[in-house]
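Throughout the sequence shown, residue numbering follows UniProt numbering, covering 1 to 231 in sequence.
Beta carbons are placed, not taken as given, at the ideal position from N, Cα and C, and that holds for glycine.
To keep things clear, I will list the structure first and then write my remarks on it.
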Amino acid sequence: MLAAAIEALRDPALIAPALLSLEIAAATLVLHIVLGTLLGWALAQRSWPGRTVLDALVTIPLVFPPIALGFFLLLLLGRRSPVGQWLDAGFGFSFVFSVEGVLLASVIAGLPLVVKPIEAAIASVSRSLGEASRTLGRNELETFLFVILPNIRGAIVAGLVLGTARSLGEVGITLMLGGNIVGKTNTISLEVYNAVFNGEYGRAVVLSGLLGMVSLGVFALLRRASRPIPN
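In structure tokens form, the structure reads like this:
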């Protein structure tokens, strides 16, 4: 197995999925920060029309089997579906069997784990802080940026760690949307799947180790970013 692991590290075919995984992880992290914070804030507001529907949509990836969710997304976004035809005609691209599909799968898989801690943290922040901020002349955006956000930074980091770990290990949704196309949409996670399926256990060990190291690296960076800024 050691010899197989060394051979796997030297395999040029590993470069494409490794680079794709890093690119997808970076893009997913940015989208998780933006979408996770906005959705967490929206869901923390307890009374507005459509909140229950939005909460259900955000939660679905946590409770729905990934392979089934990927299949339904394939039906929804396929080239013959109304949504797929609209995307193709209006924007000239498709989520199916493309890098965009891999990114969408990654974002969807980890998003609930980002949103839920942020939602809980915002809901726990004392309303008096926001009221005091507005009394001092700050608008809603300034109150969120300078009062709420510093108080939920730990929750954002925790959510991003969980969401990134989930996204890096995503297989089911990615397999359906991305198609596991060699050299185009096969991520490291899919390469682990392929290696095990083909009985290449040494290669699977190496790829799993790479995934683990990337996850730990992201965790270390996020932990460092969450430290208090010295005065």
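Simplified DSSP assignment, three categories, for residue i
i	result
Gly85	At residue 85 the sequence reads Gln, which differs from the Gly that was named. It is helical.
Asn151	helix
Arg51	helix
Gly78	coil
Phe95	coil
Phe64	coil
Glu140	helix
Val125	coil
Arg46	coil
Thr187	coil
Glu119	helix
Ile181	coil
Val171	coil
Gly130	helix
Gly36	helix
Gly209	helix
Leu100	Note on residue identity: the sequence assigns Glu, not Leu, to residue 100. Helix.
Asn194	helix
Gly199	coil
Same chain, Cβ closer than 6 Å to residue i, five either side skipped, listed in chain order
i	result
Leu162	Leu113
Ser167	Thr28, Ser106, Ala109, Gly110
Val171	Ser189, Tyr193
Ser215	Ala165, Leu168
Phe219	Val161
Leu20	Thr187
Leu221	none
Met176	Gly70, Phe71, Leu74
Buried or exposed by the 16-neighbour rule on C-beta atoms within 10 Å, applied to residue i
i	result
Met213	exposed
residue 238	In the structure as shown, the chain begins at 1 and stops at 231. Residue 238 is therefore absent and cannot be evaluated.
Pro17	buried
Ala13	exposed
Val58	buried
Gly15	Before going further, note that residue 15 is Ile rather than Gly in the sequence given. Looking at its Cβ environment, which holds fewer than 16 other Cβ atoms inside 10 Å, Ile15 is exposed.
Pro82	exposed
Ile118	buried
Val115	buried
Thr37	buried
Pro61	buried
Ala26	exposed
residue 232	The first residue shown for the chain is 1 and the last is 231, placing residue 232 beyond what the model contains.
Gly159	buried
Ile181	exposed
Cut-off 8 Å between Cβ atoms - residues of its own chain near residue i, not counting five sequence neighbours on either side
i	result
Pro65	Gly172
Arg79	Gln85, Asp88, Ser94, Val96
Thr185	Leu20, Phe97, Ser98, Val99, Gly101, Val102, Thr174, Gly178, Gly179
Phe144	Trp41
Leu43	Arg51, Leu54, Asp55, Val58, Val115, Glu119
Cβ-based neighbour list, residue i, same chain, cut-off 7 Å, excluding 5 preceding and 5 following
i	result
Ile24	Val102, Leu103, Ser106, Thr187
residue 232	Since the first and last residues shown for the chain are 1 and 231, residue 232 lies out of range.
Val30	none
Ala121	Ile152, Ala155
Leu76	Val83
- Task: Count the CB pairs spanning the segment 142–156 and the segment 88–101 that are closer than 8 Å, and state whether there are at least three.
- Result: no
- May I ask you to verify whether the segment 192–205 touches the segment 99–107, counting CB pairs closer than 8 Å and requiring at least 3? no
- Given 8 Å, three or more beta-carbon pairs between the segment 44–55 and the segment 65–74: no
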